[in-house]
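K.L.:
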Amino acid sequence: METYPNGEIRNLRLRRAWRIGLNIAVDIIIAIGAYLLAIVFLILTDGDYVRFRVPFGNLLLNACVLALSLLAFGVYRRIWQRTSGHGVMLIVNAMLAASLATIVLTAALRQQDALPLQVIILGNVGSLVGFIAIRYRSRLASGLRWRWRAFVFHKFPSNPTRVLIVGAGESGQVLAWQLKHRFRQNLYQVIGFIDDDVTKRGMYVEGCPIIGARSDIIELAERHNIDLIVVAIHNISGPSFREILTICEKTKALIKVVPDIQEMVSAQHTTEVLRDVQAEDLIGRTPITQHESVNLSPVKAKVILVTGAAGSIGSELSRQIMSYAPTKLVILDNNESGLYDLAVELTTKHPEIHLVEALVDITVRQTLAEVFQTHQPQIVFHAAAYKHVPMLEHYPSEAVRVNLRGTRNLAHLAQEFHVERFVLISTDKAVKPSSVMGASKRLCELMLHALSLQPETTTRYAAVRFGNVLGSRGSVVPTFNRQIDRGGPVTVTHQDMTRYFMSIPEAVNLIIHAASMTDGDDIYVLQMGEVVRIVDLAERMIRLRGLRPYRDIEIKFTGIRPGEKMHEELFNEIETPNETLHPNIMQVNTWREDFESARFWAEIETLVNTEFGAGAEALAVMTRIITPPPAPADSNGIMNSLRVGQDVPQHT
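For the sequence shown, my numbering begins at 2 and goes up steadily by one.
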């Protein structure tokens, strides 16, 4: 909080008192003028008032009562640069209270020269109009200036941006008011509003008509030669929002979005009224918030360790964990610059929380053990991993070293130091893996299962699977943006390739919920929504820049790379998804009763000490560990899915 010297505080208080006093004086003058006008009106219209003697003392007293009522109702504590219905009602309520007070005061005093009731009523009505007008003077003056220029001099803005606003609610009204005030710079001309509420059709908002529904957008945009369409709706489902964007894309107009309040307080939107359409908007997912049925107390006020904290998921985990008031947050990564930047960000926003940076390689068990020994974490979120599929096909030993050895080190240390909960960030590529990266992640899931089977284990192990996240490093969205900025081409692997997408904050929110729910030995799968064709996403991103796919920006199909799948899956045919307390989190049954931990760990130990020259060789070895033979469904219809080696006997 900003502090001031005592002298400055006194000056600020004096300036504030002076401003309030000046406003009170202006309101008293307005009230006196209104009473005088009321008296003049009655003299001109009623012969009984011809000889009326103006009681200036009582007139001043009544005006002071009105001003005191405004003061009592907090009218002088408001900023009136923009009007609102709440502000008007505040003045109306103050005036009603003042009117009652003046009538009672007049009756109680019974003075011979008291103001007549007609004068009080007319004067108070006039005062109300004056009080509102003086506070709305900026808006009134702006409107008058525009009408004077437009209708008297016929001087319209030269080549303004013609705007169509989708949504006539509060956000749309605020936007229209802001854009109309920029006519001084000849920037914008609001043509009208789009709103699906038929009862609003033909009405005016900020002087602009509501001219149609979403189904009329294409026709109206062409008829009125719209340059800019602004979507100003916040309380709307993801699919409905995506439908509006799909319609808008068929016009020639540029498309913008009014950010909601959460975006406005974030750094990237503090100076902009509008933002571009983002990939999250194109996917059309309904935002996920905390679910009331999930008890999040297990993750609150704990010592928490986040590995891979400098990465996309790890950094967002660290940010969201801060809202749960951890006793201590240990952010661990081997990326020095990324770790430093994250630490600066977190300490700036949350100076009250104990934050520790750990510049550690998870493959070095000794230094990792020192972190556990020193900080005694109660919850571990393991996000550190190599994830680039084609690259790891060329460097399979690195996938084994980081993903497998690193996870083995962390999972065993969690057991050794009695960590309460251990959550592995997994991937949909672990389902029927066709790549070194996916196979390594599936083996990480099996490590947690093997540890969970040990009777001495008190740690609750869980893995969370999900698909692609929007905006992460190396993902398609920032890649497409860079390619469009350069003028193309936009590279897509295959025209039929599909993927699941969700935003990073959404995925992390669900990971934290899953950590709270787990009883141990769980695999959770996040509800990813509808599958998305990559080429469709690329085409829409190009159109939203006002460009035409295949004409202005070329889309080039490069072919499937080593390890990639045409379509990802969230679970395989022998995994059964079950509902959980959270509607967007599923739990899958994947384990076999004949799982042999000793054999599994022996094969893992051999694997992590083997150097592989090619991805195919490493994938073959991993597949032999994780691929089960066909197994019949049990009495519940659940297929078992795990076998360590093909020579493991089937137990009856």
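For each residue, glycine too, the CB sits at the ideal point set by N, CA and C.
When the Cα of L38 is compared with those of L23, L60 and R366, which residue comes out closest?
P.N.:
Position 37 of the sequence shown, counting from 1, holds the residue named residue 38. Looking at the Cα atoms, L60 is the closest of the given residues.
K.L.:
Report back the beta-carbon spacing between A508 and F467 to the nearest angstrom; my notes put them in contact at under 8 Å.
P.N.:
Within the sequence shown, the letter at position 507 stands for residue 508. Within the sequence shown, the letter at position 466 stands for residue 467. Taking a contact as a CB-CB distance under 8 Å, the pair A508 and F467 counts as one, their CB atoms being some 5 Å apart.
K.L.:
What do you reckon, are the CB atoms on V259 and A222 nearer than 9 Å?
P.N.:
In the sequence shown, counting from the first residue as 1, residue 259 sits at position 258. In the sequence shown, counting from the first residue as 1, residue 222 sits at position 221. Not in contact: V259 and A222 (Cβ atoms no closer than 9 Å).
K.L.:
Leaving aside the five residues before and after K301 along the sequence, list all residues of the same chain whose C-beta is less than 6 Å from its C-beta, in chain order.
P.N.:
For this step, residue 301 is matched to residue 300 along the sequence shown. Same-chain partners within the cutoff: Y325.
K.L.:
Going along the chain, which residues of its own chain have a beta-carbon closer than 8 Å to the beta-carbon of I505, five neighbours each way excluded?
P.N.:
What you label residue 505 is simply residue 504 of the sequence shown in a count that begins at 1. Same-chain partners within the cutoff: S313, I314, E317, V470, L471, G472 and S473.
K.L.:
Can you grab the Cα-Cα spacing for the pair F613 / H383, in whole Å?
P.N.:
If you number the sequence shown from 1, residue 613 lands on position 612. If you number the sequence shown from 1, residue 383 lands on position 382. When rounded, the distance between both Cα atoms is 25 Å.
K.L.:
Between which two residues does the alpha helix (DSSP H) containing R546 stretch?
P.N.:
In the sequence shown, residue 546 corresponds to position 545, counting from 1. Element bounds for R546: n/a, residue is neither H nor E.
K.L.:
May I ask you to verify whether the region 160–179 touches the region 122–131, counting CB pairs closer than 8 Å and requiring at least 3?
P.N.:
no
K.L.:
Can you name, in chain order, every residue of its own chain whose Cβ lies under 6 Å from the Cβ of L620, other than the five neighbours on each side?
P.N.:
Locating residue 620 in the sequence shown gives position 619, counting from the first residue. Excluding positions up to five away in sequence, the list reads V437 and A440.
K.L.:
Output needed for V622: all residues of its chain with C-beta closer than 8 Å, excluding positions within five of it in sequence on either side, in chain order.
P.N.:
One-based indexing of the sequence shown puts residue 622 at position 621. Here the set comprises L608, T611 and F613.
K.L.:
Determine the burial state of F33: buried for a count of at least 16 other Cβ atoms within 10 Å of its Cβ, exposed for fewer.
P.N.:
For the purposes of this step, residue 33 is taken as residue 32 along the sequence shown, with counting starting at 1. At residue 33 the sequence reads Ile, which differs from the Phe that was named. By the neighbour-count rule (16 or more Cβ atoms within 10 Å), I33 is buried.
K.L.:
Write down the C-beta distance between I363 and T308 rounded to the nearest angstrom, noting that I regard them as a contact closer than 8 Å.
P.N.:
As a position in the sequence shown, residue 363 is number 362, starting the count at 1. As a position in the sequence shown, residue 308 is number 307, starting the count at 1. With a Cβ gap of about 6 Å, I363 and T308 count as contacting.
K.L.:
Would you tell me roughly how many angstroms separate the C-alpha atoms of P629 and S338, rounded to the nearest one?
P.N.:
Taking the first residue of the sequence shown as position 1, residue 629 is located at position 628. Taking the first residue of the sequence shown as position 1, residue 338 is located at position 337. Note that P629 scores 49 on pLDDT, short of 50, meaning its location in the model is unreliable; the coordinates nonetheless yield the value given after this. Their Cα atoms are separated by approximately 43 Å.
K.L.:
Under the criterion of a Cβ to heavy atom distance below 8 Å, does G22 qualify as lining the ligand PLP?
P.N.:
The ligand PLP is not part of the structure shown, which contains no ligands of any sort.
K.L.:
Have a look at E358 and T581 and give me their C-alpha separation to the nearest angstrom.
P.N.:
To locate residue 358, count along the sequence shown from 1; it is residue 357. To locate residue 581, count along the sequence shown from 1; it is residue 580. Taking the straight line joining both Cα atoms gives about 34 Å.
K.L.:
Buried or exposed: which applies to F423, given that a residue is buried once 16 or more other Cβ atoms fall within 10 Å of its Cβ?
P.N.:
Residue mapping note: residue 423 aligns to position 422 of the sequence shown, counting from 1. By the neighbour-count definition (other C-beta atoms within 10 Å, threshold 16), F423 is a buried residue.
K.L.:
Okay, do the region 249–257 and the region 540–550 touch, 3+ Cβ pairs below 8 Å being the bar?
P.N.:
The answer is yes - the region 540–550 touches the region 249–257, with three or more Cβ pairs under 8 Å.
K.L.:
Could you tell me if D334 is buried or exposed, where buried requires 16 or more neighbouring beta carbons within 10 angstroms of its beta carbon?
P.N.:
As a position in the sequence shown, residue 334 is number 333, starting the count at 1. Per the 10 Å Cβ criterion, buried.
K.L.:
Over the uninterrupted beta strand (DSSP E) stretch that includes R163, give me the two end residues.
P.N.:
Working through the sequence shown from its first residue, we reach residue 163 at position 162. Unbroken beta strand (DSSP E) run through R163: T162 to V167.
K.L.:
Distance check for I513 and I248, CA to CA, integer angstroms please.
P.N.:
The residue labelled residue 248 in the question sits at position 247 within the sequence shown. The residue labelled residue 513 in the question sits at position 512 within the sequence shown. If you take the alpha carbons of I248 and I513, they lie about 36 Å apart.
K.L.:
Going by the DSSP bridge assignment, what does Y396 pair with across the sheet?
P.N.:
To locate residue 396, count along the sequence shown from 1; it is residue 395. Beta-bridge pairing links Y396 to no other residue.
K.L.:
May I have the straight-line CA-CA distance separating P490 from Y396, to the nearest angstrom?
P.N.:
The sequence position of residue 490 within the sequence shown is 489, counting from 1. The sequence position of residue 396 within the sequence shown is 395, counting from 1. The alpha-carbon separation between P490 and Y396 amounts to approximately 28 Å.
K.L.:
Among the residues of its own chain, which have a CB less than 7 Å from the CB of Q119, if the five just before and after it don't count?
P.N.:
As a working note, residue 119 is residue 118 in the sequence shown. Excluding sequence neighbours, Q119 sits near L43.
K.L.:
With DSSP as the reference, identify every bridge partner of R466, one or two as the case may be.
P.N.:
Counted from its first residue, the sequence shown places residue 466 at position 465. According to DSSP, R466 bridges with V526.
K.L.:
Under 9 Å, do Y189 and V164 count as touching if we go by C-beta distance?
P.N.:
For this step, residue 189 is matched to residue 188 along the sequence shown. For this step, residue 164 is matched to residue 163 along the sequence shown. Yes, these two residues count as a Cβ contact at 9 Å.
K.L.:
Relative to the C-alpha of A370, which candidate in M503, I426, L229 and L306 has its C-alpha closest?
P.N.:
As a working mapping, residue 370 is identified with position 369 in the sequence shown. The shortest C-alpha separation from A370 is found at L306.
K.L.:
Starting from the C-beta of P578, find all residues in its chain whose C-beta is less than 7 Å away, skip the five residues before and the five after it, and write them out in chain order.
P.N.:
Along the sequence shown, read from residue 1 onward, the residue named residue 578 stands at position 577. Residues of the same chain with a CB within less than 7 Å of the CB of P578, apart from the 5 flanking positions on each side, are V526, F572, M587 and V589 in chain order.
K.L.:
Would P434 be called buried (16 or more neighbouring beta carbons within 10 Å of its own) or exposed?
P.N.:
Here the question's residue 434 lines up with position 433 in the sequence shown. Classification of P434: buried, given that the 10 Å Cβ count is 16 or more.
K.L.:
Out of H351, R11 and Q528, point me to the one whose CA is closest to M503's CA.
P.N.:
Here residue 503 refers to the residue found at position 502 when the sequence shown is read from its first residue. Ranking H351, R11 and Q528 by Cα distance to M503 puts Q528 first.
K.L.:
Can you give me the C-alpha to C-alpha distance between L180 and P210, rounded to a whole angstrom?
P.N.:
Taking the first residue of the sequence shown as position 1, residue 180 is located at position 179. Taking the first residue of the sequence shown as position 1, residue 210 is located at position 209. One C-alpha to the other measures close to 15 Å.
K.L.:
If we call anything under 9 Å between Cβ atoms a contact, is L347 one with L360?
P.N.:
In the sequence shown, the residue the question calls residue 347 occupies position 346. In the sequence shown, the residue the question calls residue 360 occupies position 359. Contact: no.
K.L.:
Short of 6 Å in beta carbon distance, which residues of its chain neighbour F481, apart from the five on each side in sequence? Order them along the chain.
P.N.:
Position 480 of the sequence shown holds residue 481. So the list reads V491, A539 and M542, once near-sequence residues are dropped.
K.L.:
Have a look at I121, V89, I212 and L116 and flag the residue whose alpha-carbon is nearest the alpha-carbon of A99.
P.N.:
Position 98 of the sequence shown, counting from 1, holds the residue named residue 99. Selected option, being the one with the closest Cα: I121.
K.L.:
Please state if the CB of L275 and the CB of S517 are separated by a distance shorter than 9 Å.
P.N.:
The residue labelled residue 517 in the question sits at position 516 within the sequence shown. The residue labelled residue 275 in the question sits at position 274 within the sequence shown. No; because the gap between Cβ atoms is not below 9 Å, this pair is not in contact.
K.L.:
Please determine, among K566, T375, F418 and N63, the residue with the shortest C-alpha to C-alpha distance to L116.
P.N.:
As a first step, residue 116 must be located in the sequence shown, where it is residue number 115. Among K566, T375, F418 and N63, the Cα nearest to that of L116 belongs to N63.
K.L.:
Whose C-alpha, out of D553, L454, S319 and L123, is nearest the C-alpha of I380?
P.N.:
Counting from 1 along the sequence shown, the entry for residue 380 is found at position 379. Considering only alpha carbons, the answer is S319.
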